[in-house]
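Here the sequence shown is numbered in the numbering used here, starting from 20 and rising by one per residue.
All C-beta atoms, glycine included, are put in the ideal place defined by N, C-alpha and C.
Owing to the predicted nature of the structure, the values given are computational and were not obtained by experimental measurement.
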Amino acid sequence: MDASDAVESSEAIEVPAAPPPAPEVDPKVKAEAEAAKDKANQDFKGKHYAHAIEGYTKAIELNPYSAVYYSNRAFAHIKLENYGYAVADATKAIDLDPKYIKGYYRRGDANFAMGKFKAALKDLKTAAKVAPRDPDLRKKLSECEKEVKRLRFEEALATPDEEVALISKTLDLSIMDVEEAYKGPRMQGNDKDGYTVTLEFVQEMLHEFKEQRLIHKRYAFEIILQADAIFRAAPSLVDITVPEGGSFTVCGDVHGQYYDLLKIWDLNGMPSEENPYLFNGDFVDRGSFSVEVILALLAFKVLYPNHMHLARGNHESKNMNKMYGFEGEVKAKYNSTMADLFREVFCWMPLAHCLNGRVLVVHGGLFSKDDVTLDDLRKIDRFREPPDEGLMCELLWSDPAPMPGRTPSKRGVGVAFGPDVTKAFLEKNGLELIVRSHEVKEEGYEVEHNGLLVTVFSAPNYCDQMGNKGAFIRFGADMVPHFTTFDAAPHPSVRPMAYASSFMWG
C-alpha cells in the first residue's frame, strides 16, 4: 500500500449529530453578549487580535453556550499563534454544537499550524461532510492530505540516523563555477580552491540584497558551509564574556524582515569585533526576505565567529520552514539542495547563551521540571529536529505567564511558567536575568516576573499587520539592560508569507 492508499483508506468520517438544546439565557444578558461579540469582531477586522480575544471572552462569560463565540476566539488565537488555546476553544465550540463547521475548521487550522497534520485532516474531513461545496475548505483539505501523504512517504523511506548522508559532507562546490556573466559582488578566491568571506564582500552583498538582487549560488553555499563548520564546534550553551568598557547587543526575532535588520545596524552599528551581537532565533519564516536575512547573519558569523552569535529558535526547523515560507523561498531563489543544507545548519546552532555568568539568553523559556541546571543545557544533544517535549523543546517554545506555577502552553507546545519558576531557576544557577524572544510585544520588549525576565522582539510591524515596535537590548559589563525601540523600515511591495504553504494564508 502506498501513502496515497493509506490516506484514502482512513477511518470513515461521520456527519455530526445535531446539538442538544442550549440552556436558556436571559434575553438582556444575551444581547450584552452579542454586543461584546460585535465589538470584538470590529477589533478583529482592525487586526487588534488581543483586544478581540478580550471581547470574545466577555461574550463567553455572559453566554457560555454559544459555539460562535468560542470559534471566533479560536480564530483570534490562531492569528496570535496561540495554537494550543485555539484548539481548546475550537473543541469547546464543537462540544456545544457538533454541526458547527467552523469549530472543525478552526481546530484543523490550529493543528495544521502545529504540524499535527493527521489530526487536522480528520477535522477538515468532518467539516467537508457538513459543507462539501465550500471552496476554501476543499483547498485546505487538499493541502492537508498532501502533507499527510508526504509524512507517510517519508516514514516509509526513513533510514537510520547513522546512515543519513549529510549534505554538508557530500556537496562538491568545486564543480559550481561562477560564470563570467555574473555581475554581482565577488568573493576572494577561485572556483577550484574555494573562496574567502571578506568585509568588503559582505558590505557589497548587503547592498545587493537591498536592491532585491541575489548573490551567486556558489557564494551562498560558501557562506552556509563555512558557518556550518563554526556551529559544529560550538557547545549547546555558549558562555560569552563582556569586558569592562565593552558592550553587547541582543536582538530578538527578525522573521525574514531584511530591511528592519538593516535598520538595527543603522541604529546600533554593524557587527564587528568591537560591536558584538547575539540574534536570538527565528531569523526566517513569515517575512519574504528570509534568505537575505540568514545569509547576512551567517556571513557575519563567518567574519566574526566570536563576536556574532546566533541561537536557534523554534522556526529554525523543518516543519516550520515548510509551512511558514522559508523552504519555499530558498527553493524559489536558489534550489532544494540549499534548503536541505540550511536544515542541517539550523540543527547545529547553539540553544542558549550566558553573558558574564549572570544573564541567560534563550529563544523560548524555562522548563516543565525544577532543578534544571546550566550543565543540563550544556549536555543537550542538539543535532536533531526539535522534539515535542523535554529541555530542548521547552528552550525553543515555552512562554512566561503572570500567575505562579506552570500551566499548559497557549501554543500547544512547551510550557507556560510563572514568576516563581523564573526566580527559582535563577537562584539555583546563580543568575540574575533571563532574556528571551519568541513573542510579539507592542513596544518591542517587555520586562516581566518582577524584573527577572525580559522579552525582546526585533521584527516591527510583524507580518506588515501587527503595528508593534521592534527593539534590541544593549548590555555593558555590569549586565544592566538598555533598550532601544524602533519602527518598521519601508520595504519593497512583497507581501509576507509569499512563499508559505497556501494553507497558512487563510
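Segment limits, alpha helix (DSSP H) that includes Val321: Ser309 to Leu322
Residue burial classification, Ile194 (beta-carbon count within 10 angstroms, cutoff 16): exposed
Sheet register partners of Asn294 (DSSP bridge): Ser291
Beta-carbon proximity list for Pro423, same chain, < 6 Å, skipping 5 on both sides: Gly437 and Asp439
Beta-carbon contacts of Ala109 that lie in its chain and below 6 Å, excluding the five residues immediately before and after: Ala93, Gly122, Arg125 and Arg126
Nearest-angstrom Cβ-Cβ length linking Cys412 and Pro421, presumed shorter than 8 Å: That belief does not hold up - the Cβ atoms of Cys412 and Pro421 are roughly 22 Å apart, past 8 Å.
Which of helix, strand or coil DSSP assigns to Asp439: helix
Neighbourhood of Gln245 by C-beta distance below 6 Å, restricted to the same chain and skipping five residues each side: Val321
Residue from Lys236, Gly203, Lys158 and Arg377 with nearest C-alpha to Asp497: Arg377
Touching by the beta-carbon criterion (3+ pairs, under 8 Å), the stretch 384-396 and the stretch 350-366: no
Cβ neighbour criterion (16 or more within 10 Å) applied to Asp210: exposed
Cβ contact check for the stretch 46-62 and the stretch 70-78: 3 or more pairs under 8 Å: yes
Inter-stretch contact at 8 Å, needing at least 3 Cβ pairs: the stretch 261-277 / the stretch 307-315: yes
Residue nearest to Pro38 in terms of C-alpha spacing, selected from Tyr68, Val459, Phe345 and Ile113: Ile113
Whether Met327 touches Pro290 by CB criterion (8 Å): yes
Reference Lys188; option with closest CA among Pro324, Asp359, Asn487 and Ile283: Asp359
Length-filtered (3 minimum) beta strand (DSSP E) runs lying within the stretch 220-295: 256-259 and 266-270
Reference Glu467; option with closest CA among Ser477, Gly486, Thr215 and Asp418: Asp418
Residue burial classification, Asp21 (beta-carbon count within 10 angstroms, cutoff 16): Unreliable positioning characterises Asp21 in this predicted model, as indicated by a pLDDT of 35, which lies under 50. The coordinate reading is nonetheless provided below. Result: exposed.
Stretch pair the stretch 340-351 + the stretch 505-520: three plus CB contacts closer than 8 Å: yes
CB of Asp247 within 8 Å of CB of Trp416, strictly: no
Val513 classed as buried or exposed, judged by whether at least 16 other C-beta atoms fall within 10 angstroms: exposed
Where Val466 falls: helix, strand or coil (DSSP): strand
For Lys56 and Asn91, believed in contact at Cβ under 8 Å, the rounded distance: 7 Å
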